[in-house]
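Numbering (numbering that gives the first Met the number 0), first residue to last: 0 to 347. Below: one structure, written as structure tokens.
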Amino acid sequence: MTSTHAAAPDTGTASPRMLYLNRRDVVAAGGTDPELYVTALRTALVAHTRGRTVQPLKPYLRANGKQGHIADRIIAMPAHVGEPGISGVKWIGSKHDNPTTRGLERASAVIVLNDPDSNYPIALLEGSLISAWRTAAVTCLAAEYFARPGFTDVALIGCGVIGSTQLRALTRCYPNITTAHIFDTAPEAAQALADRISEERPGLKVAIAESAEEAVRAGEVVMPCTLADRPYIPFSWLSRGTFLANVSIMDVHKDVFLNADKVVVDDWEQSNREKKIINQLVLAGTFSRERLHAELGDVIAGNRPGRENADEIILLNPMGMAVEDIACAAEIHRRAREREIGTWLDLY
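Rendered as structure tokens:
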């Protein structure tokens, strides 16, 4: 049951307080509504491209160093977003074997929001749900600019939490989608997602592919959402006109970056690090910021074009930005205050 208390000021000289929102509270405040995220992201990404955000490079804490799995890390993602005027940090942990070893979701997170005047914390939110939905909403928003109008077929590789959220959000935002081609190395995961989506969207055909290649070749919008630590999607798999949202970052071969008609990132500095594919290409001297088409915010703001013809192959490489998480969490916090959702916690 959602905990509800009377509205009260977040801070005060006697007893500063912050609002705690668990996952149930986040849902009650609209945390599974893709339009909430798309609207918040549109504003935040334009603010980012106009220099109205502050976003330090996110540090990766890897307790096992280079010997650990690529998905085993904790990341601190701080940002200040000038619109709506909020600061905060997402602290997100991940262990690749959480589902199989501990019966837990792979990723966990909390988001702290801070009052920009006093820098006091004003809210603590369960963050993994927000993180998954804002990641999906980036794809939904980007598809508006980079997918072919009226696209009907999408491909999803990886049917875990991130992948299922991507598919659920995209099919809600784009009712023109008629077929989802899905693949997972665990067939039971693909079947479970197919059953869930078919129940939520009875008119949508869900085709379980026998391979990643089969799914990718069938998709007009392609979304890899895996724990891959090395590329497996070559340029030759992509049909003309494909929009590829490279959600899990490491799935796409270097030749896709070098042969795509447009390569777009959410933030160049965040993308060109941590030995990800773009960083590898830059270090090899085969890719550069000059070869980049745009950052996503530039396209949304109208500074750079999106899709210009039906045959373009467009690659989006979204590393994930703190400004996105903080902007979305701020909107959920605002709605929770408005609806008197959550639990007040005394700081002192």
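Backbone N, C-alpha and C fix where the C-beta goes; we use that ideal spot for every residue, glycine too.
Terminal residues of the continuous alpha helix (DSSP H) containing residue 334? 321-338
Rounded straight-line distance, which links the Cα of residue 83 to that of residue 221: 32 angstroms
What is the residue span of the beta strand (DSSP E) that residue 36 lies within? Taken as a continuous stretch (DSSP letters only), residue 36 belongs to no beta strand (DSSP E), being part of the alpha helix (DSSP H) at 33-48.
In terms of residues, what are the limits of the alpha helix (DSSP H) holding residue 315? No alpha helix (DSSP H) holds residue 315; the beta strand (DSSP E) holding it covers 313-316.
CA nearest to the CA of residue 52, picked from 200, 64 and 296: 296
Using 10 angstroms around the beta-carbon of residue 269, count the other beta-carbons present and answer buried if the total reaches 16, otherwise exposed. buried
Which residue comes first and which comes last in the beta strand (DSSP E) that contains residue 286? First-last for residue 286: undefined, no H or E at that position.
Run through DSSP, which three-state label would residue 150 get? coil
Given a cut-off of 8 angstroms on the beta-carbon distance, is the pair residue 140 and residue 179 in contact? no
By alpha-carbon positions, which one of 261, 173 and 155 ends up nearest to residue 214? 155
What does the Cβ neighbour count give for residue 274, buried or exposed, with the cut at 16 atoms within 10 Å? exposed
Residue from 328, 36 and 48 with nearest C-alpha to residue 90: 328
Would you say the segment 233-243 touches the segment 306-316, given that touching needs at least three Cβ pairs under 8 angstroms? yes
Separation of residue 44 from residue 10, as counted between CA atoms: Confidence in residue 10 is poor, its pLDDT being 49 and thus under 50, which makes the residue's placement unreliable; the coordinate value appears in the next sentence. Looking at the two C-alpha atoms, the distance is approximately 29 angstroms.
Start-to-end residues for the alpha helix (DSSP H) that takes in residue 383: The structure shown does not extend to residue 383, since the chain spans only 0 to 347, so no value can be given for it.
In the DSSP assignment, the beta strand (DSSP E) including residue 170 goes from what residue to what residue? Careful: residue 170 lies outside any beta strand (DSSP E), inside the alpha helix (DSSP H) at 160-172.
How many whole angstroms separate the CB atoms of residue 223 and residue 197, which I take to be in contact at a CB cut-off of 8 angstroms? Going by Cβ atoms, the distance from residue 223 to residue 197 rounds to 22 angstroms, so no, they are not a contact pair.
Spatial neighbours of residue 188 within its chain, please: C-beta separation below 6 angstroms, excluding the five flanking residues on both sides. 158
Does the contact criterion of 3 or more C-beta pairs under 8 angstroms hold for the segment 16-30 versus the segment 61-78? no
For residue 80, which three-state DSSP category applies? strand
So, for residue 306: in the same chain, excluding its five sequence neighbours on each side, which residues have a beta-carbon less than 6 angstroms away from its beta-carbon? 145
For residue 163, count the other beta carbons within 10 Å of its own beta carbon; 16 or more makes it buried, fewer makes it exposed. Which is it? buried
What are the residues that DSSP puts in a beta bridge with residue 72? 93
Contact under 8 angstroms by Cβ, residue 80 with residue 326: yes
Once DSSP output is grouped into helix, strand and coil, what is the label at residue 302? coil
DSSP on residue 206, reduced to helix/strand/coil? strand
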